[in-house]
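Our numbering numbers the first residue of the sequence shown as 183 and each following residue consecutively.
Beta carbons are placed, not taken as given, at the ideal position from N, Cα and C, and that holds for glycine.
Report on one structure; see the data block that follows.
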Amino acid sequence: MNQMGVRRFGRVNWLGTWTLVRREISRFMNVWSQTVMAPLINAGLFLLIFTIAIGSQRGDVMGVPFMVFLAPGILTMTVIQNAFANTSSSLASAKVQGNIVDTLMPPLSAGELVTGYIGGAVARGGLVAIVIAAGSALFLGVGMQSPIWVVVFVVLGSVLMGGLGLIAGIFANKFDQLSAISNFLVTPLAFLSGTFYSIEALPAFMQTLSHANPFFYIIDGVRFGMIGVSDSSPWVGLVVVSAACVVVLGICLRWMHTGYRLKA
Numbered sequence: 183m184n185q186m187g188v189r190r191f192g193r194v195n196w197l198g199t200w201t202l203v204r205r206e207i208s209r210f211m212n213v214w215s216q217t218v219m220a221p222l223i224n225a226g227l228f229l230l231i232f233t234i235a236i237g238s239q240r241g242d243v244m245g246v247p248f249m250v251f252l253a254p255g256i257l258t259m260t261v262i263q264n265a266f267a268n269t270s271s272s273l274a275s276a277k278v279q280g281n282i283v284d285t286l287m288p289p290l291s292a293g294e295l296v297t298g299y300i301g302g303a304v305a306r307g308g309l310v311a312i313v314i315a316a317g318s319a320l321f322l323g324v325g326m327q328s329p330i331w332v333v334v335f336v337v338l339g340s341v342l343m344g345g346l347g348l349i350a351g352i353f354a355n356k357f358d359q360l361s362a363i364s365n366f367l368v369t370p371l372a373f374l375s376g377t378f379y380s381i382e383a384l385p386a387f388m389q390t391l392s393h394a395n396p397f398f399y400i401i402d403g404v405r406f407g408m409i410g411v412s413d414s415s416p417w418v419g420l421v422v423v424s425a426a427c428v429v430v431l432g433i434c435l436r437w438m439h440t441g442y443r444l445k446a
């Protein structure tokens, strides 16, 4: 006879994990006009405003036209914001509505829960990246110098921001708290990470601060992959962002395992 509490589907619950990933993808695809089209429109508005406000007055940046330099930053900023929003809103909504038990009761380990949520964040971030990259190529002629680097940093950026979204969703008990984390932490770090400028234009102490910000390496890595220029080596960025992912995912696994702020 099967003993109670013994996992009868092997060491990993692949079906349960994949089901959670599908649920997270279905969540944002059911409102695709808000989660996919809205980021594309926002990115287009950013580029349009900068074109009208600055136009030809702005010279080349790092040897490329300013709008070409700007496109990868806008793309990456949009990706990381959407990856963060996917996991944080999913978990916070479940807590506020009281149906978090539907996620915690199935036979899913902490690692499988984190994998399911992060899988949804990566899917949303990747889809947004594809849409904006297609728009950049169509209207600005911005191609891909090194597609592998673009994929690597988009995926790592989505994993990192998905993990931070999980931490925010676990910590926040109200949507007000979640909005505060997004407005006062995620958005400033994204805007001050070389999205709109090269950090070479900053004072020395601010350049040092930028190099301590993992968001900077995500944006810089995508920029290198798309237009072939960057403020730092993509290999350094790969190490820094990977290390940040390990730390963030470690916290997520610990909190999921203990049920911190999730279970009574």
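Contacting residues, own chain, Cβ-Cβ under 8 Å from residue i (five flanking each side not counted)
i	result
Ile-400	Thr-258, Ile-262, Phe-335, Leu-338, Gly-339, Leu-342, Ser-375, Gly-419, Val-423
Phe-373	Met-259
Gly-410	Gln-327, Ser-328
CA-to-CA distance, residue j to residue i, given in whole angstroms
i	j	result
Gly-280	Gly-351	14 Å
Phe-398	Arg-190	44 Å
Met-454	Ala-386	Past the boundaries of the shown model lies residue 454; the chain is included only from 183 to 446, so the question cannot be answered.
Met-289	Cys-434	In the sequence as displayed, the identity of residue 289 is Pro instead of Met. Near 18 Å, if we compare the C-alpha coordinates of Cys-434 and Pro-289.
Ile-312	Arg-436	33 Å
Leu-444	Phe-248	46 Å
Ala-303	Met-211	12 Å
Val-213	Ala-383	40 Å
Ser-275	Glu-206	12 Å
Val-431	Ile-236	Checking the sequence shown, residue 431 turns out to be Leu, not Val. Cα-Cα distance, rounded: 40 Å.
Gly-323	Ala-316	10 Å
Extent of the continuous alpha helix (DSSP H) run through residue i
i	result
Leu-435	416-440
Ala-394	Premise fails: Ala-394 is in no alpha helix (DSSP H) and is neither H nor E.
Asn-224	220-235
Asp-413	Per DSSP, Asp-413 belongs to no alpha helix (DSSP H) and is neither H nor E.
Ile-351	In the sequence as presented, Ile is not what sits at residue 351; that position holds Gly. Gly-351 -> alpha helix (DSSP H) spans 329-353.
Thr-199	196-211
Ile-363	357-363
Neighbourhood of residue i by C-beta distance below 7 Å, restricted to the same chain and skipping five residues each side
i	result
Leu-371	Asn-395, Phe-397
Ala-319	Gly-325
Same chain, Cβ closer than 6 Å to residue i, five either side skipped, listed in chain order
i	result
Ile-381	Gln-389, Ser-392, Asp-413
Ile-256	Ala-225, Phe-228
Thr-199	Glu-294, Thr-297, Gly-298
Burial state of residue i, where buried means 16 or more other Cβ atoms lie within 10 Å
i	result
Asp-402	buried
Thr-440	exposed
Gly-344	buried
Ser-415	exposed
Ala-253	buried
Trp-488	This structure gives no information on residue 488, because the portion of the chain shown stretches from 183 to 446.
Ala-446	exposed
Lys-277	buried
Along the chain, which unbroken stretches of the alpha helix (DSSP H) at least 4 residues long are found entirely within the region 265-316?
As far as the region 265-316 is concerned, its whole alpha helix (DSSP H) runs of at least 4 residues are 283-286.
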